[in-house]
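Asks: Residue numbers (numbering that gives the first Met the number 0): 0 to 468. No residue lacks a Cβ here, since even glycine has one placed at the ideal position from N, Cα and C.
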Amino acid sequence: MKEYSLMINGQKTAPQGGFFDVLNPATEAVVALCPQASVEQLDEAVSAAQACYENWQYSSNEERKKLLHDIADRIEANAAELAQIIVEEQGKPLFLAQMEVGGAVAWTRATAELEMPVDVLEDSDTKRVEVHRKPLGVVGSITPWNWPLMIAVWHIMPAIRSGNTVVSKPSGLTPLNTIRLVEIINEVAPPGLVNIVTGESGIGSGMTRHPGIRKIVFTGSTPTGQTIMRGAADNLKRLTLELGGNDAGIVLPDADPAVIAEGIFQTAFLNMGQTCAALKRLYVHDSIYEELCEKLADVAAKQVMGNGLDEGVTFGPVQNRDQLNLVNELVEDARANGARILCGGSPVDGAGYFYPPTLVADVTDGCRLVDEEQFGPVLPIIRYSDVEDAIKRANATDVGLGGSVWSSDIAKATQIAGRLECGTAWVNGHAELLPYAPFGGCKMSGFGVEFGQEGLMEYTSAQVININK
0 MKEYSLMING
10 QKTAPQGGFF
20 DVLNPATEAV
30 VALCPQASVE
40 QLDEAVSAAQ
50 ACYENWQYSS
60 NEERKKLLHD
70 IADRIEANAA
80 ELAQIIVEEQ
90 GKPLFLAQME
100 VGGAVAWTRA
110 TAELEMPVDV
120 LEDSDTKRVE
130 VHRKPLGVVG
140 SITPWNWPLM
150 IAVWHIMPAI
160 RSGNTVVSKP
170 SGLTPLNTIR
180 LVEIINEVAP
190 PGLVNIVTGE
200 SGIGSGMTRH
210 PGIRKIVFTG
220 STPTGQTIMR
230 GAADNLKRLT
240 LELGGNDAGI
250 VLPDADPAVI
260 AEGIFQTAFL
270 NMGQTCAALK
280 RLYVHDSIYE
290 ELCEKLADVA
300 AKQVMGNGLD
310 EGVTFGPVQN
320 RDQLNLVNEL
330 VEDARANGAR
340 ILCGGSPVDG
350 AGYFYPPTLV
360 ADVTDGCRLV
370 DEEQFGPVLP
380 IIRYSDVEDA
390 IKRANATDVG
400 LGGSVWSSDI
410 AKATQIAGRL
420 ECGTAWVNGH
430 AELLPYAPFG
440 GCKMSGFGVE
450 FGQEGLMEYT
460 SAQVININK
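#1: By DSSP's criteria, Q470 is part of a beta bridge. Which residues make up the other side?
#2: Check for me: the alpha helix (DSSP H) holding G230 runs from which residue to which?
#3: When the Cα of P157 is compared with those of N465, M456 and S460, which residue comes out closest?
#4: Tell me which residues share the same chain as T413 and place their Cβ nearer than 7 Å to its Cβ, disregarding the 5 neighbours each side in the sequence.
#5: Could you tell me whether the region 83-93 touches the region 306-325, where touching means 3 or more Cβ pairs closer than 8 Å?
#6: M0 by DSSP, collapsed to three states: which one?
#7: Mapping the DSSP letters down to three states, classify L323 as helix, strand or coil.
#8: Could you give the DSSP three-state label for N194: helix, strand or coil?
#9: If you check the beta carbons only, do L41 and V196 fall under 7 Å apart?
#10: Check whether the Cβ atoms of A260 and V303 sit closer than 7 Å, and answer yes or no.
#11: May I have the straight-line CA-CA distance separating E199 from S140, to the nearest angstrom?
#12: What would DSSP say about A436, mapped onto helix, strand or coil?
#13: Please look up how many angstroms separate the CB atoms of T110 and P434, rounded, as I've assumed it's under 8 Å.
#14: Would you decide whether D246 is buried or exposed? Buried here means 16 or more other CB atoms lie within 10 Å of its CB.
#15: For H284, name the three-state secondary structure that DSSP assigns.
#16: Between V250 and W106, how many whole angstroms is the CB-CB distance? I'm expecting something under 8 Å.
#17: Can you tell which of P147, P134, L242 and V181 has its C-alpha closest to the C-alpha of K214?
#18: Closest by CA to A461, which one among P24, L175 and M115?
#19: Relative to the alpha-carbon of S46, which residue among P210, E186 and D20 has its alpha-carbon at the smallest distance?
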């Protein structure tokens, strides 16, 4: 059985806390053994990052750009291995894991090309005022289990591009590909620039309270984000929190179900629905409700569920037992309250955490499946008759990550999209993220943004230099 190592100060490091099992969600077999870091090893990783920061903060833009492109080259060279690891520990089909690796490469290159220009506020005969962006120091990255490689890249690359150093802590459910990513980064990066410590408990909370870490970037659930905020308060760490969402989509009566069904299905069930910005609630006008339900069920029927490494599989397992149980609990609650299950609706017997794509009709607000984020392969379809009411219901939640409007009238859909209380609103699409467009949530979906120029600035502080001539 393969044993992975920590990476501290450019060196593979044996754990002081032993190892724990990482399971394949398709088979429930042990994939490999992951190191359990000690609190002392977290301290070592932070110290290594601090030492590297003393020089890296003064590195040139060209040096940072070159490093990111070198890292992208190394990720590309190891793409097949990384994709295989993702499938084995996360469960998504191979084609989707390959897309994740390809996206990681593209995002790394896009981040490399971002600039941090000096902003000149005044340049007169008597005065010049400049705004410079300075790195913060050591950044702590805490990542989830749904897109483990991609989200690690989203955290690490802008941090080092802007002159910071990193200590990474991936989910204990999917740590292996992030360990491998950090090993790859260390083939070309200076020692201590990017370190990784793994563990099932204690390491994440230790990072949030650690006085040597100046910023935490976290992607995950709202309750965990709140805990991180409390832990970070003692030394006022900077925070970027991308938290839970319960994204609503509104289908207007002029939409053509035959045209939009595929797009709705793919964005709702992306990664088996285990995506923060996936479509989670679908409000459909009464006049096309039954037709769209039928078209969505047709798309669901075409999915091939199984082990992501098997040829032809399009739909993998839920990543872990707890999430499978939650999904099943929400569907059973809806069923008990009169919902109509169009397809799926029960976990699959046998090994693995398999739950088929499930469409739930005749359900409405007040049902747990609508009100709570299911984060799994289930889509509640809610009937409405008045568009104003649909907008109100879509916004009647304490989270606001994404939302969408589906229509053949682009101008009308765009106007309605602007009224949705969310960080990103799409028209005739959902869950599309772009490396140049800021992404973040409002309300209890977090604060701060990732991606693009605005996302890069999140890893810096402003320094004004006021020059009297």
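Replies: Let me spell this out:
#1: Residue 470 is absent from the structure shown; the chain starts at 0 and stops at 468.
#2: T221 to A231
#3: M456
#4: V426
#5: yes
#6: coil
#7: helix
#8: strand
#9: In this structure, L41 places its C-beta atom within 7 Å of the C-beta atom of V196.
#10: no
#11: 15 Å
#12: A436: coil per DSSP, three-state reduction.
#13: Contact flag correct, Cβ pair sits at about 7 Å.
#14: That one is buried.
#15: strand
#16: Not a contact, Cβ separation roughly 31 Å.
#17: P134
#18: M115
#19: P210
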